[in-house]
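Residue numbers (the working numbering): 50 to 312.
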């Protein structure tokens, strides 16, 4: 039976990942994008802007009940910090820290608001059907085949990866999908630029952390991604991506990547 969300709430602060959150590398491990979306969504304030969130993957996040603890780290009148820790049976598996800026309403000049975007809202493709064929590529049904839509966009003369990205399921059952959660899903695909350099069948490339900066929360059902990546023979690399919504450029993400040959 298809899942209705990536996670099911199970009591105070406990979340159970569904089959829609399974990662591509191991069917017993939660997809990194699902983890980042869960943490980012819980750190998103009711008011103000989550201007930055950094998620550290401390170890693989197993399928099974996960306990999420939120801590207010305090701050000043303009910026507050929050922390979220995800644990499995008392063992920390991921941690996130966010910077939240107070609400504001400024009348900015046009030159401060105008940023070119390759993603024309009027040209947005249908974004309601995941790539079911992804299950054949990775060998099992997963987040990539059940939960996320990735539609490539060709931009003449630009070798960076461009894609429209959306989620077809809420991150947590019973909640509305948030723009910060869609941004988290899109940011994870920054590493898709690596696949242009290293064949998926021969190499693994996993995010060890994910950092997202947002000037505002994305609005609407999709986020546009423009990404590039660098990998080196020492087994390390990084991805960098710009994030867009229908209103234009909203943020940037980076991730440190560990690279390994399969087999």
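Cβ atoms here follow ideal geometry from the backbone N, Cα and C, with glycine treated the same way.
Three-state secondary structure (DSSP) of residue i
i: residue 178; result: coil
i: residue 118; result: strand
i: residue 234; result: helix
i: residue 279; result: strand
i: residue 289; result: strand
i: residue 240; result: helix
i: residue 135; result: strand
i: residue 273; result: strand
i: residue 250; result: coil
i: residue 101; result: strand
i: residue 127; result: coil
i: residue 245; result: helix
i: residue 312; result: coil
i: residue 55; result: coil
i: residue 303; result: strand
Check whether residue i and residue j have beta carbons under 9 Å apart
i: residue 259; j: residue 103; result: yes
i: residue 83; j: residue 72; result: yes
i: residue 67; j: residue 150; result: no
i: residue 187; j: residue 74; result: yes
i: residue 127; j: residue 119; result: no
i: residue 197; j: residue 215; result: yes
i: residue 308; j: residue 254; result: yes
i: residue 239; j: residue 303; result: yes
i: residue 113; j: residue 65; result: yes
i: residue 148; j: residue 141; result: no
i: residue 88; j: residue 233; result: yes
i: residue 52; j: residue 189; result: no
i: residue 78; j: residue 109; result: yes
i: residue 222; j: residue 56; result: yes
Supposed close pair residue i, residue j - CB separation, criterion 8 Å
i: residue 275; j: residue 291; result: 5 Å
i: residue 310; j: residue 252; result: 6 Å
i: residue 288; j: residue 243; result: 7 Å
i: residue 262; j: residue 300; result: 5 Å
i: residue 176; j: residue 143; result: No, residue 176 and residue 143 are not in contact; Cβ-Cβ is about 27 Å, not under 8 Å.
i: residue 70; j: residue 192; result: 6 Å
i: residue 166; j: residue 116; result: Not a contact, Cβ separation roughly 39 Å.
i: residue 273; j: residue 168; result: 4 Å
Near the ligand FMN: residue i beta-carbon under 8 Å from a heavy atom
i: residue 270; result: Of the ligands one can find in the structure shown there are none, so the ligand FMN has no counterpart to examine.
Below-9 Å beta-carbon distance, residue i vs any chain C residue
i: residue 67; result: The structure shown contains no chain C; it is built from a single protein chain.
### Task
May I ask you to verify whether the segment 222-231 touches the segment 262-270, counting CB pairs closer than 8 Å and requiring at least 3?
yes
### Task
Starting from the N-terminal side, write out each stretch of the beta strand (DSSP E) that is 3 residues or longer and does not extend beyond the segment 145-232.
197-201 and 210-216
### Message
Quick check for students: name the residue ranges of the alpha helix (DSSP H) that lie wholly in the segment 62-113, counting only runs of 4 or more.
### Response
81-92
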